[in-house]
Amino acid sequence: MDKLPLLTIITFAPILGMIAISLIPKEKKNAIRWSALLATLPSLLGAVKIFMDFDRTTKAMQFIEGPLNWIPSFNIQYHLGIDGISVTMVILTALISTICIIASWNIEKQLKGYFILFLLLETGMMGTFVAIDFFLFFIFWELMLLPMYFLIGIWGGPRREYAAIKFFLYTMAGSVLILLVMLALYFYSDGHTFNMIALQDQSLHQGPLSSHTFRMALWWGLFIGFAIKVPVFPFHTWLPDAHVEAPTAISVILAGVLLKMGTYGFLRFNYQILPDITVDMIQVIAVLGVINIIYGALCAMAQTDFKKLIAYSSVSHMGFVLLGMASFTSEGLNGAVLQMFNHGTITAQLFLIVGIIYDRAHHRDINGFGGLATTMPRYAVWTTLAFFAAIGLPGLSGFISEVLIFLGSFKTWPWLTTIAVSSVVLTAGYMLWTLQRVYLGKTQEKYKDFPDITRREAFCLLPLAVIVIILGVWPRPILSMMEVSLNALNQSLVPYGAHVASGLGF
Amino acid sequence: MQLSGILLWPLLGAILNGTFALVGAKRKRPVPRLWVNIFGVGLPILALAWSVSAGLPFIFAEPEPLRENLFSWMTVGNFRVDGGLLLDQISVLMILIVTGVGSLIHLYSTGYMKDDPAYAKYFAYLNLFLTSMLILVLGDNLLMMFLGWEGVGLCSYLLIGFWFEDPAKAAAGKKAFVVNRIGDFGFLIGIFWVISLLMPHVGDQASPLNFEFMQQNAGLLAGSATLITAFFFIGAMGKSAQIPLYVWLPDAMAGPTPVSALIHAATMVTAGIYMIARLSFLFDLAPQTLQFVAVIGMVTAFFAATIALVQNDIKKVLAYSTVSQLGYMFLAMGIGSYSTGMFHLMTHAFFKACLFLGAGSVIHAMHHEQDIRHMGGLRRFMPVTAWTFVIATLAISGIPPFAGFFSKDEILWETFHRGHTILGVLGVLTALLTSFYMWRLTFLTFFGKCRASSEAQEHVHESPFSMTSVLILLATLSAVGGFLGVPHILGGHHYLRDWLGLGQHPAQDAHADRLEMMLMALSVGGALLSATTAYLFYLKKPQWPRRLAASFQGIYRLWLNKYYVDEVYDATVVQPVKRSSESFFYGLIDRLLIDGVLINGSGRFLAFMGSLVSRLQGGRVNAYAFYFLLALTGMIVWVVVR
């Protein structure tokens, strides 16, 4: 390795920060905060470098590090790399993590522990997206779980313990399934490998791995394991609870990055390692996607807790990703991964916005507000922008991914897509109804003296808003990174009959 | 830059005024109005100048359409959409209306909104609206049109709820956007359908959504044209307020009156008409859809006119009148006479903007009084407003030679001539109703005795020059705008129709001439008769309408309450969605079944099983010995029996 080990740096720099913070006495709160921010900067700068240097013409893994033998007796390797499927997620993770450190500035309770866990979480997230070795992937995947549990369980709201345990058990159940599949793939593959690229080679799948039934079992194991993370209906009920209890920055991480690991897992494992079963099961993905979209939107409509409403809107918006993935078209697939990125940036804004008002009012009851646009006019402008991005207004980034998903999936699933498109009405309904109840109407006496958005709060929203506007008119910078890999992935499904999957045609 | 400049100037205005608004909010002291005026009004006028300079060649010659690529929008695989602009005859007409009427209304707003604390914000929104509307009409593909379509929807939302401290106004904005989204659903499905049919046939550089590309390949769409156009028409129903999606428009009157004039009368609501004109090559392939469009348009026109007969809010009358006139335009589109529909769109933009701004002038003078029962005789206080209003009323009621006469008669004549007799009869009837409710409005507002309180009367004043000058200009346009389409039998040449060159038009023969003559006599006579009736009813014998309303209680209430459509929608759509989401989807499925039974239930089940098993391990040795014995016996039995 003559070059800079960029992926190692962006993954493990937060760990260095962790160590540094643990040495700072806990009274020096600002030192801790600044160190935490400093510790995320290498990842952010690395992400910028990746954005500049990423080779947009190849589907192959890039910035490869290793393979170095880690546990040779089990053929476990330290092996990192990114391709078009993961690169945007790496950039998203670096961006959201940095923003969340800044958004956590007002944390007072056990500050030191908070930032230590936060940085550990960041390493886990990064590692998940850059690992090529399945075992390594799983380590990072599990590494994420622990800090998340404590971050919700200690710094959360009144029902934090319930929410943390629910989150933990749910995700643990998914992890067990993934672990089992990982072991099965290892033991039954020719050459006993954890290498995710090697495992894509179907000729290695021998013995039980060549039996359709066994493969189906593996596929479902992976699917449910990742579906919990997305979350796919009916595995979604941990999400609203976790969101409601988690502190603002953790909600942002949760919705902004963690949910995408589920859909990333689908593409990396279900799609690439078991493509034949994926093609067989594509209707399941499409139908679940549409259920997520409509059901999530209807549940959001029913909420009176601002944060829970945003949580259910995430369920709805992640459904778009599933529908796009199920389209078997390059537009749909690109739209899906772009939607992962866009949802990350948009929903992060929404949760930050909820956090801003929660910090002032100490409640989140939608019906308990009103007229905030008069008291906090600049805050209302940020909110309106983020809300309309979530509604999918053309000119903002959410529209691009939605439209690509729809126009791709319409070719394969015209009826299902027609149902899904009706969500444009529902989304506008619950979003604008919320806007009306919280921001419009008469100003309430008790909220008259709320200060408008502060510089720090606006600074968190600014980069996200800029990205949302730029990608809305010029999505090319992000699309070009993923396009080659995703088109190749789409092509790779064709031999398994991807084009005949249309069962519900007009 | 020749084309993009047209929309970039107002965009610059929106950005600058938006900045002014934010700076003002931060400093808690608004930016001086002069700055807002310079950019907020100056830049739209600049856009008008650019539009004229871009449009002049089209008016005096027949050049090739102008094309310009603003930006490269989406490219994935072989799917491609650009931010392209296209200027041809239809868009020339539209940009001239939009920037022309738009600039006038910006100017008028400087007077109307003078004392509003959110002055800069208002102009930011209005400039943004102009930008979006220009994108809508200049876009060279369906997705650009949709960008503008949603942009104007956003501005409409923001401006209806401009005085958002009033909950009713905030709710009206939301209603407008959500109802429009139902239309957008149709628009989007139409777009996706077009893509799915055309995508296999595009080359490397073409966009399947480009209008010119679509037109060249219309044959590929022919098989599904009926449904595709039906979906597009759903979009048009939303934006252009046709049955069953018209309900947002009357509520939209909550916005400032210049906004009602610009967005909810002259320009945005005509987007659906423009869409059909732009896609006329596709609608030509779908006779059933066209028939449907015509019927919806005519029924809406008649239906809305009946409601307008009895409303007492000056803006509500005009709102229902707009719905009704839009219905006429759809009738024209539906019978395949696209150019005539565009002609009426233009004349309507002039006289309806004039009427709304006149109403605004009245409301301004009366300190936000909108009930015509509390007006009357206002012409003495505000003569310019009154007489421009009268001219616009002459135009809308179809009295020659004012603008509405030419465009409306053209529609009616073509309707009969193409054999749609029932629609035509309804059209003539609607024309009579139109004349009646407009003269009722005029008489009750400006003539007779003043019914306002003496205190209110003291404050009534003519509006400032910035407002009246606009009224005079629009009244002039309402008076002479029709001469662009003087029919053959009156010695004209259908100038606008032939210039636009959309669709086929009936041949001019002796039979057609006779029919046209008869219709003109009928509709002008009818309009005059209606006007006379209104004069008798509301000036001479005010007890008559009261008696009439009393003896036809049922129908009067039905009209006054707008056929209870809002109530029906609330009961059949809004409440069921809200209730089912609360009690069924969230309450029953999510909380009770999934979370309660499945998740926490399985948790409890595990805990219960655990407690059972733990009871087995009580730590008593005799119990263990018993289990041991039991297991041993079982094993022996099993071995023996096997």
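Quick note, the sequences are listed as chains A and B, same order.
First residue of the first sequence: 36, per this note's numbering; consecutive thereafter.
First residue of the second sequence: 545, per this note's numbering; consecutive thereafter.
Glycine is no exception: its CB is placed at the ideal position from the N, C-alpha and C atoms.
For the alpha helix (DSSP H) containing residue i, name the first residue and the last one.
i: ASN671 of chain B; result: 663 to 682
i: SER527 of chain A; result: 511 to 528
i: LEU843 of chain B; result: According to the sequence displayed, residue 843 of chain B carries Val and not Leu. Run containing VAL843 of chain B: 831 to 852, per the alpha helix (DSSP H) assignment.
i: PHE222 of chain A; result: 195 to 223
i: ILE320 of chain A; result: 317 to 336
i: ILE381 of chain A; result: 365 to 396
Is there a Cβ from chain B that is less than 7 angstroms from the Cβ of residue i?
i: SER210 of chain A; result: no
i: MET231 of chain A; result: no
i: MET360 of chain A; result: no
i: ASN104 of chain A; result: no
i: CYS495 of chain A; result: no
i: MET336 of chain A; result: yes
i: LYS342 of chain A; result: no
i: GLN374 of chain A; result: no
i: SER537 of chain A; result: Only weak support is given to the placement of SER537 of chain A: the predicted model assigns it a pLDDT of 40, under 50, and the question is left unresolved by the model.
i: GLY540 of chain A; result: Confidence at GLY540 of chain A is low in this model, with a pLDDT of 38, below 50, so its placement is unreliable and the value that follows should be read with caution. No, GLY540 of chain A lies away from the interface with chain B (no Cβ there is under 7 angstroms from its Cβ).
i: VAL460 of chain A; result: yes
i: MET36 of chain A; result: With a pLDDT of only 44 at MET36 of chain A, under 50, the local geometry of the prediction cannot be trusted, and the value read off the model is given with reservation. Closer than 7 angstroms: no.
Considering just the uninterrupted stretch of the beta strand (DSSP E) at residue i, what are its terminal residues?
i: ASP626 of chain B; result: 623 to 631
i: GLU1002 of chain B; result: Element bounds for GLU1002 of chain B: not the beta strand (DSSP E) but the alpha helix (DSSP H), 998 to 1003.
i: TYR482 of chain A; result: No beta strand (DSSP E) contains TYR482 of chain A, which DSSP labels as neither H nor E.
i: PRO102 of chain A; result: 97 to 106
i: SER163 of chain A; result: A small fix is needed here, since residue 163 of chain A is Thr in this sequence, not Ser. THR163 of chain A -> not in any beta strand (DSSP E); alpha helix (DSSP H) instead, spanning 146 to 165.
i: TRP617 of chain B; result: 610 to 620
i: ILE789 of chain B; result: It is Leu, not Ile, that sits at residue 789 of chain B in the sequence shown. Careful: LEU789 of chain B lies outside any beta strand (DSSP E) and carries neither H nor E.
i: HIS114 of chain A; result: 111 to 117
For the ligand GDP, is there a heavy atom less than 6 angstroms away from the beta-carbon of residue i?
i: LEU922 of chain B; result: Among the components of this structure there are no ligands whatsoever, and the ligand GDP is therefore not found.
With the cut-off set at 7 angstroms, would you say residue i and residue j are in Cβ contact?
i: LEU154 of chain A; j: MET53 of chain A; result: yes
i: ALA337 of chain A; j: TYR1113 of chain B; result: no
i: VAL746 of chain B; j: TRP792 of chain B; result: no
i: PHE169 of chain A; j: PHE229 of chain A; result: yes
i: MET21 of chain A; j: ILE312 of chain A; result: Given a span of 36 to 541 for chain A in the structure shown, any question on residue 21 of chain A remains unanswerable.
i: LYS859 of chain B; j: GLN786 of chain B; result: no
i: HIS892 of chain B; j: GLN855 of chain B; result: no
i: ILE328 of chain A; j: SER458 of chain A; result: yes
i: MET689 of chain B; j: GLY683 of chain B; result: yes
i: ILE733 of chain B; j: PHE775 of chain B; result: yes
i: LEU1046 of chain B; j: SER883 of chain B; result: yes
i: ALA511 of chain A; j: ILE401 of chain A; result: Just to set this straight, residue 511 of chain A is Arg in the shown sequence, not Ala. Contact: no.
i: ARG91 of chain A; j: MET375 of chain A; result: no
i: ILE488 of chain A; j: TYR393 of chain A; result: no
Against chain A, with Cβ distances strictly below 7 angstroms, would residue i count as a contact?
i: GLY549 of chain B; result: no
i: ILE1138 of chain B; result: yes
i: PHE755 of chain B; result: no
i: SER1146 of chain B; result: no
i: VAL722 of chain B; result: yes
i: LEU629 of chain B; result: no
Checklist entry - Three or more C-beta pairs closer than 8 angstroms, one from the stretch 934 to 948 of chain B and one from the stretch 1013 to 1033 of chain B: is that the case here? => result yes
Checklist entry - Which full runs of the alpha helix (DSSP H) of 4+ residues lie inside the stretch 1054 to 1128 of chain B, going along the chain? => result 1054 to 1079, 1087 to 1095, 1097 to 1104, 1109 to 1113 and 1119 to 1123
Checklist entry - Do the stretch 1060 to 1075 of chain B and the stretch 979 to 989 of chain B make contact, defined as three or more Cβ pairs closer than 8 angstroms? => result yes
Checklist entry - If we count Cβ pairs, one from each stretch, closer than 8 angstroms, do we get three or more for the stretch 694 to 705 of chain B versus the stretch 664 to 673 of chain B? => result yes
Checklist entry - Taking the runs of the beta strand (DSSP E) that are 3 residues or longer, which of them lie wholly in the stretch 693 to 722 of chain B? => result none
Checklist entry - Within the chosen definition, does the stretch 437 to 445 of chain A reach the stretch 363 to 379 of chain A through at least 3 CB pairs nearer than 8 angstroms? => result yes
Item to check | Touch test, the stretch 1037 to 1053 of chain B against the stretch 906 to 921 of chain B, Cβ-Cβ under 8 angstroms, three pairs minimum | outcome: no
Item to check | Stretch pair the stretch 74 to 88 of chain A + the stretch 40 to 59 of chain A: three plus CB contacts closer than 8 angstroms | outcome: yes
Checklist entry - Is it a yes or a no for the stretch 274 to 288 of chain A touching the stretch 92 to 109 of chain A, going by three-plus beta-carbon pairs under 8 angstroms? => result no
Next on the checklist: Is it the case that the stretch 953 to 969 of chain B contacts the stretch 1055 to 1063 of chain B, given that we only count it when at least three CB pairs across the two stretches are under 8 angstroms?
Outcome noted: yes
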